[in-house]
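Asker: There's a structure below that I have some questions on.
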């Protein structure tokens, strides 16, 4: 009996580990979304004339956002996906973003960390969270 038969799985090989470093977001207006993520979250835009994607690179590391212009029939603002940005001080970020015009909801207390939620210009859910900084 092989490993797949023993576990009842259809997978017959051990998967190759793959890191998640890029996320494609479909947006109505690439320029508006580029400005949003640059202004509020410090991303730098990389544009190549031959590429249909605008790549947004975070200043402090992490996953890159690839902005792709959405088709007319494409539904935006997926409720099943939320972009979470790591910040050490949620209250300070919340206040700074509010002063710049981005309205987050109230700050929630979780298991040793805080978070707050907002929406980007296309209705995608975004969150700032101190979870990455909580003591274990």
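In full-length UniProt numbering, the protein residues as written are 1 to 136. Glycine is no exception: its CB is placed at the ideal position from the N, C-alpha and C atoms.
1) What residue range does the beta strand (DSSP E) around residue 35 cover?
2) DSSP state of residue 125, grouped into three classes?
3) Please classify residue 20: is it buried, with 16 or more other beta-carbons within 10 angstroms of its beta-carbon, or exposed?
4) Can you give me the start and stop residues for the beta strand (DSSP E) that residue 115 sits inside?
5) Pairing CB atoms from the segment 50-67 with CB atoms from the segment 90-104, are three or more of them under 8 angstroms?
6) Give the single residue among 117, 52, 131 whose Cα lies nearest to the Cα of residue 97.
7) If you compare alpha carbons, which of 119, 125, 122, 110 is closest to residue 132?
Answerer: Quick look at the numbers:
1) Where residue 35 is concerned, there is no enclosing beta strand (DSSP E), although the alpha helix (DSSP H) it sits in stretches over 30-41.
2) Three-state result, residue 125: strand.
3) By the neighbour-count rule (16 or more Cβ atoms within 10 Å), residue 20 is not buried but exposed.
4) Residue 115 -> beta strand (DSSP E) spans 114-119.
5) Output reads no: the segment 90-104 does not touch the segment 50-67.
6) Minimum Cα distance to residue 97 is reached at 117.
7) Closest by alpha carbon: 110.
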